[in-house]
Each structure stands twice: as structure tokens, then as C-alpha cells.
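Participant: Residue numbers (my numbering), protein chains in the order written: chain A, 1 to 112; chain B, 1 to 115.
Here a beta-carbon is modelled for each residue, glycine too, at the ideal position from N, C-alpha and C.
These numbers come from a predicted model, not from an experiment.
Next comes the structure, spelled out in C-alpha cells:
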């Protein structure tokens, strides 16, 4: 069964550094999402992406964040200048025309 | 704003007992309500979902009920087994065809099933 994949599984970075989190959605899916989960807290919506543009973003998704679909398979989340509070598990999700969103395994980001 | 409240935060049951987790939502436009199970260190996995035109849905030991008037929905697990132990998240979404369908999650319920 096809699954959403994410790399890396873990990322440790210094505050102020740029990080790029990568996702490969399920191949025939059209809608892509990033969510984050701070340790012990709820999963929070960051951004949705469709037809090569952002369709909706949350208040968390400020100017330090960007998303890109550089080719037909990858979907990336970039944080330009990481802050301590960006430490979290970041989940990519995708769906086709139906409602169900399928989540990737996550990237655990630790900002020191 | 959009919010989903989930209770209880932790739930401990004996194997074979039933478990019930409840959620309420604030956005009247919400019409799609999935439940995800997340085992430690793993991705959230969809276990069941319900749409607003249905009041109840069942899949083997798992059932979900929805009360749109009261804006709440519940997950029922019967005959619990140790492998049901996980964190369960409810979510709500104002889904429509062609829409973007972000999920608003509850805070999660940590279910422990003791043998």
C-alpha cells in the first residue's frame, strides 16, 4: 500500500539555521499539508498546498516558513531561521479528491 | 476561532472493557470528523471517520457517533485489547468538494488497556 514518506526522520540544528524538511506524498494525490506536533501537545495545521500554490496557512506559518513542490514528487517545508520554539515533530500529509488525509512518519526537529 | 476539545486526556481500562472518547467542535461548517490512532513514535493512522449526513458509523469493534446539533462526536471501542493502547486524536474539518480540508485536531487521549 502506498505511503507518504518523509526525510530526515530526525534533524538537529542550531538556532538561526535554515532547515528543509522533505516529503514524498502518495503519487496520485493532489492536496498536500504540513502539520506540526510539539511534544505532548496536539497536532496543529500549518499549511495546505494545491495546484502549486498555498491554499491556506495558519498563524504559525509566518514569513520564516515556506513550502515548495520543486518537482512532481517532492513537497518541502523550509524554515529560514529556526527558533527554539520550532522544535517539534513535523508531519506531511496528502490526499486525493476524497477527504482522507494520509500522514507521513514525521520529522523530529530539535533546535538548540 | 476553530477549536476541538477532547476528553478525557487519559483513559485506563481493563482488557475487554469499553472505552469512550468524546470531542466537541466550535465551527458549524465542520462536516467531516476523522479519528486517528497514534502509537508511540509513529504516524497518525486513520481508524474511522464520519460525515455530517450520518449519525453513526461502525467498523468491527470501533464506532463513532455524531450529534451535529450539540456539535459533539464520540469514539467507542468495545472489547478493548492491549494493542488498542495508543493516543487517539479526533479532528474536524469543513470539507467540501474542491476545498482544502485542513484538519483541526483535539488534544488527544492516551488510552491504556491493561491485560
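#1: Kindly indicate which three-state DSSP category residue 99 of chain A falls into: helix, strand or coil?
#2: Do you know offhand how far residue 79 of chain A's Cα is from residue 92 of chain B's?
#3: Determine whether the Cβ of residue 19 of chain A lies closer than 7 Å to any Cβ atom of chain B.
#4: Closer than 7 Å, CB to CB, is residue 57 of chain A near chain B or not?
#5: Closest Cβ-Cβ distance between residue 5 of chain A and chain B: below 7 Å?
#6: Could you tell me if residue 125 of chain A is buried or exposed, where buried requires 16 or more neighbouring beta carbons within 10 angstroms of its beta carbon?
#7: In chain order, what residues of the same chain have a beta carbon less than 7 Å from the beta carbon of residue 8 of chain A, not counting five sequence neighbours either side?
#8: Report yes or no: is there a C-beta of chain A within less than 7 Å of the C-beta of residue 8 of chain B?
#9: Just to make sure I have the definition right: I need the residues of chain B whose C-beta is within less than 9 Å of the C-beta of residue 91 of chain A. Which are they?
#10: Answer yes or no: does any C-beta atom of chain B fall closer than 7 Å to that of residue 2 of chain A?
#11: Can you tell me whether residue 68 of chain A is helix, strand or coil according to DSSP?
#12: Nearest CA to the CA of residue 17 of chain B: which residue from B:102, B:85 and B:57?
#13: By the 10 Å Cβ neighbour count, where 16 or more other Cβ atoms means buried, how is residue 51 of chain B classified, buried or exposed?
#14: Going straight from the alpha carbon of residue 75 of chain B to that of residue 115 of chain B, what length do you get?
#15: Using only the alpha-carbon positions, how far apart do residue 136 of chain B and residue 113 of chain B sit?
#16: Would you kindly work out how many angstroms separate the C-alpha atoms of residue 107 of chain B and residue 47 of chain B, rounded to a whole number?
#17: Does the beta-carbon distance from residue 180 of chain A to residue 77 of chain A come in below 7 Å?
#18: Which partner residues does residue 91 of chain A have in the DSSP bridge list?
#19: Run the CB neighbour count on residue 29 of chain B, radius 10 Å, all protein chains shown included, and call it buried at 16 or more, exposed below.
#20: Just verifying my parser: in three-state terms, what is the DSSP assignment at residue 59 of chain A?
#21: Is there a Cβ from chain B that is less than 7 Å from the Cβ of residue 105 of chain A?
#22: Are any of the Cβ atoms in chain A nearer than 7 Å to that of residue 88 of chain B?
#23: Between which residues of its own chain and residue 38 of chain A is the CB-CB distance below 7 Å, once the five residues before and five after are set aside?
Facilitator: Well, looking at it:
#1: Reduced to three states, the DSSP call for residue 99 of chain A is coil.
#2: 27 Å
#3: no
#4: Among the CB atoms of chain B, none fall inside 7 Å of the CB of residue 57 of chain A.
#5: no
#6: Here chain A covers residues 1 to 112 and nothing more, so residue 125 of chain A does not appear.
#7: 107
#8: no
#9: 43 and 44
#10: The Cβ of residue 2 of chain A sits no closer than 7 Å to any Cβ of chain B.
#11: strand
#12: B:85
#13: exposed
#14: Approximately 21 Å, taken between the alpha carbons.
#15: Any answer about residue 136 of chain B is impossible in this case: the structure gives chain B only from 1 up to 115.
#16: Rounded to the nearest angstrom, the two C-alpha atoms are 17 Å apart.
#17: Residue 180 of chain A is absent from the model: chain A starts at 1 and stops at 112.
#18: A:35
#19: exposed
#20: coil
#21: yes
#22: No - not a single Cβ of chain A is within 7 Å of the one on residue 88 of chain B.
#23: 88
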